[in-house]
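Student:
Protein chains in written order, with the numbering used here: chain A, 364 to 651; chain B, 777 to 1173.
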């Protein structure tokens, strides 16, 4: 049996030379995330997975990052596999984005002004258009994975469970649930209905994020007993139409609700069409 | 929205008449009511008059023993579902059907589809198989998939959405929907059924497919709000509403007791002629006269100044009047935008409701063909459509 090493800054610097000023950012499963200063790339994020078993989701993240160039996402600088003793590690070095997560921003200010949400929607829809062109579905759009940069722009992170539609799925077909974050995942996604998971699943998540940012309330999680209750609400609840003072004809509110339609056929058929509808609605919003 | 003629018993002359009168139009030919030779002959006559034909395979239940259906060359002699897993059997069926289509001069091919009382893997696999094989066999004309749904399936939103999702991958240019009316109702009293049918049709239209709703009556004028390309209707009730019964049993021949009905287009209701006598007695018969713009003079005799039952308003005139009015109403209700179409149809419902109230106050009732109880059904269904798809239909029409 392999000995599990403790992953600390010392080990990271040993595995990946040229790094300094390492600060832990988080840990999830077998993955740890650090921020550091790379002598070539400047400030970076390092994701390291102890590869006791090959982590196919991280590999997928890497493959996607290399194969596709999606704007407003963290640039991939380097990746590789390193051995240390009996253990094997996979790592990714990507651009460090200076800012806070949207979740941190929401904790601070509860809700966001409509102008900011419009900018957010614009950014996310542009990203989904690029993903759609590459045949990718992100599948984990949520405030924790959206960075609010210092210059006010937005970037999308963490393609860990992104699915390249043309490639074989990692989740077994017979699995009752597909990979998801409860409350942001569309019903067809968490029910692992693979044939139905396309960019419209990401549009659903964008609708939920927009709703939460404008109202300060998660449309499906608010008042839910537990995770299963959230999933159930995602399937049956129709969130009340938002009242947005600047949205005189309720066009924006209706658009957000359409994005959150339970059935994919009732959402915009593609990211391009969603953006087109959004652009036509944007001009009707009265910002004072 | 067009009106297609849904062929049924005794409609040969009527089809010829209307295709000539309308200088075009489409007839959906029925193997249940026509032999192979009749299909060939009538098909040519329709084409010569400037019309188009379609052949409805009526393959809803391949185990049917209806005497005319089983007489057709394409009908399998001894059907079991294993046949559908044998490629050669499916190909053979489709080839024979194609020959029938060629005989009928049909310019589009309706792919057979089984009656669905639950949208499950099995039905979907069969549907996919028939469509996929038809693409290999029928290469010279567009193909239209049949979706024949039970009344129960049409009540279930989830089931409808499964079909819409599946249809995204169907390699066909159109869908021919055959919706079973619940409990043999002629006018459907269930807003959920009507609403789900609207949602289904609009979902398919958003996939840029042609959508035809078969076995329709005037209640289906609301389908214009879903941008349906055509509804199909005919003379007898069995071609104005679909039930599987008529595809199982042997036709009894002439229907023994039948009344003659007058269709009042502005009320969306049909009346037995004695009730027109009531209107005549109260001096309000003129309220029932169709507008001249509908172009139907078939019922003029009822408004000639004498008691309606004393005229020779016949069954044939009744059918022709109904179909002429429905033809014009179908065109009238379809407008340039979703909102216009929605508003026009709503307005027609409102006007019908006022008129019906007035007529009932004077003892003029349509009985089980009175649209009074259906106005709210259709209104409710439209609300369902607007809620589900209004935003999208306003942008994609």
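All residues carry an ideal CB built from backbone N, CA and C; glycine is no exception. Quick caveat: nothing in here was measured; it's all calculated off a predicted structure.
1) When you compare each of B/905, B/1150, B/1021 to residue 842 of chain B by their alpha carbons, which one comes out closest?
2) Is it true that the CB of residue 822 of chain B sits closer than 9 Å to the CB of residue 797 of chain B?
3) May I ask you to check if the CB of residue 639 of chain A is nearer than 8 Å to at least one heavy atom of the ligand NAD?
4) Looking at the structure shown, is residue 337 of chain A part of a helix, part of a strand, or coil, going by DSSP?
5) To which residues does DSSP link residue 473 of chain A through a beta bridge?
6) Using only the alpha-carbon positions, how far apart do residue 1161 of chain B and residue 1155 of chain B sit?
7) For a contact meaning CB atoms closer than 7 Å, what does residue 559 of chain A contact in chain C?
8) Go ahead and pull the three-state DSSP assignment for residue 892 of chain B.
9) In chain order, which continuous runs of the alpha helix (DSSP H) of length 4 or greater are located wholly inside the stretch 545–612 of chain A?
10) By the criterion of Cβ-Cβ separation under 8 Å, what are the contact partners of residue 599 of chain A in chain B?
11) Could you give the distance in angstroms between the alpha-carbon of residue 555 of chain A and the alpha-carbon of residue 488 of chain A?
12) What is the residue span of the alpha helix (DSSP H) that residue 802 of chain B lies within?
13) By Cβ distance, which residues of its chain are closer than 7 Å to residue 369 of chain A, with the 5 residues on each side in sequence left out?
14) Looking at residue 572 of chain A and residue 648 of chain A, is the spacing between their C-beta atoms short of 9 Å?
15) Can you pull the chain B neighbours of residue 621 of chain A, defined as C-beta to C-beta under 9 Å?
16) Under 7 Å Cβ-Cβ, which residues of chain B neighbour residue 640 of chain A?
17) Considering only residues of the same chain and omitting the five flanking positions on each side of residue 795 of chain B, which have a CB-CB separation below 6 Å?
18) Would you kindly check if the distance between the Cβ of residue 950 of chain B and the Cβ of residue 733 of chain B is under 9 Å?
19) On a CA-only basis, which of A/564, A/588, A/514 is nearest residue 629 of chain A? Give me that one, please.
20) Does the distance from the C-beta atom of residue 495 of chain A to that of residue 634 of chain A stay below 9 Å?
21) Taking residue 990 of chain B as the reference, give the member of B/1110, B/1034, B/924 with the closest Cα.
22) So residue 1008 of chain B packs on residue 782 of chain B, CB below 8 Å; how close in whole Å?
23) Could you give the uninterrupted runs of the alpha helix (DSSP H) lying entirely in the stretch 1027–1089 of chain B, keeping only those of 4 residues or more?
24) Excluding the 5 residues flanking residue 1145 of chain B on each side, which residues of the same chain have their C-beta closer than 8 Å to its C-beta?
25) Could you work out which residues of chain A lie near residue 979 of chain B, taking near to mean beta carbons separated by less than 9 Å?
26) Looking only at its chain, what residues have a beta carbon closer than 8 Å to the beta carbon of residue 1030 of chain B, apart from the 5 residues adjacent to it on each side?
27) With DSSP as the reference, identify every bridge partner of residue 411 of chain A, one or two as the case may be.
28) Chain A partners of residue 1002 of chain B, CB-CB under 9 Å?
29) May I ask which residues mark the beginning and end of the alpha helix (DSSP H) holding residue 963 of chain B?
30) Using the three-state DSSP reduction, which class does residue 868 of chain B fall into: helix, strand or coil?
31) Mind checking which residues open and close the beta strand (DSSP E) that includes residue 1009 of chain B?
32) Is there a Cβ from chain A that is less than 9 Å from the Cβ of residue 921 of chain B?
33) Name the chain A residues whose beta carbon is nearer than 9 Å to that of residue 982 of chain B?
34) Using a Cβ-Cβ distance cut-off of 9 Å, determine whether residue 944 of chain B contacts chain A.
Tutor: Inspection of the coordinates gives the following:
1) Comparing Cα positions, the closest option is B/1021.
2) For residue 797 of chain B and residue 822 of chain B, no; Cβs fall outside 9 Å.
3) This structure lacks the ligand NAD; in fact it carries no ligand of any kind.
4) Not covered by the structure: residue 337 of chain A. The range shown for chain A is 364 to 651.
5) DSSP lists no partner for residue 473 of chain A.
6) So the two alpha carbons sit approximately 10 Å from each other.
7) Chain labels in this structure do not include chain C; the protein chains are A and B.
8) If DSSP states are grouped into helix, strand and coil, residue 892 of chain B belongs with the strands.
9) You should have 550–553, 562–578, 590–599.
10) Identification of chain B residues near residue 599 of chain A by a Cβ-Cβ cut-off of 8 Å yields none; the smallest Cβ-Cβ distance measures about 11 Å.
11) Whole-angstrom Cα-Cα distance: 24 Å.
12) In this chain, residue 802 of chain B is not harboured by any alpha helix (DSSP H); it is covered by the beta strand (DSSP E) spanning 802–805.
13) Taken in chain order, the list of residues that qualify is empty.
14) Contact: no.
15) Those are 1167, 1168, listed as they occur along chain B.
16) Simply 1171.
17) Contacts found: 801, 822, 825, 827.
18) Given that chain B is displayed from residue 777 to residue 1173, the structure contains no residue 733 of chain B and the question cannot be resolved.
19) Of the listed residues, the one whose Cα sits closest to residue 629 of chain A is A/564.
20) With respect to residue 634 of chain A, residue 495 of chain A sits close: the two C-beta atoms are nearer than 9 Å.
21) With distances taken between CA atoms, residue 990 of chain B lies nearest to B/924 out of B/1110, B/1034, B/924.
22) With a Cβ gap of about 4 Å, residue 1008 of chain B and residue 782 of chain B count as contacting.
23) List check, alpha helix (DSSP H) in window: 1049–1057.
24) Correct list, in chain order: 962, 963, 1037, 1045, 1046, 1047.
25) The contacting residues are 626, 628, 629.
26) With a pLDDT of 46 at residue 1030 of chain B, under the threshold of 50, the predicted position of this residue should be treated as unreliable, and no value is reported.
27) Under DSSP, residue 411 of chain A shares a beta bridge with A/395, A/454.
28) Using a Cβ-Cβ cut-off of 9 Å, residue 1002 of chain B is close to nothing in chain A; its nearest Cβ partner there is about 13 Å away.
29) Looking at the DSSP string, residue 963 of chain B is not in any alpha helix (DSSP H), and its letter there is neither H nor E.
30) In this structure, residue 868 of chain B counts as helix in the three-state DSSP scheme.
31) 1006–1009 is the extent of the beta strand (DSSP E) around residue 1009 of chain B.
32) Cβ-Cβ to chain A under 9 Å: no for residue 921 of chain B.
33) Within chain A, 628, 632 have C-beta atoms less than 9 Å from the C-beta of residue 982 of chain B, given in sequence order.
34) Taking 9 Å as the CB threshold, residue 944 of chain B lines the interface with chain A.
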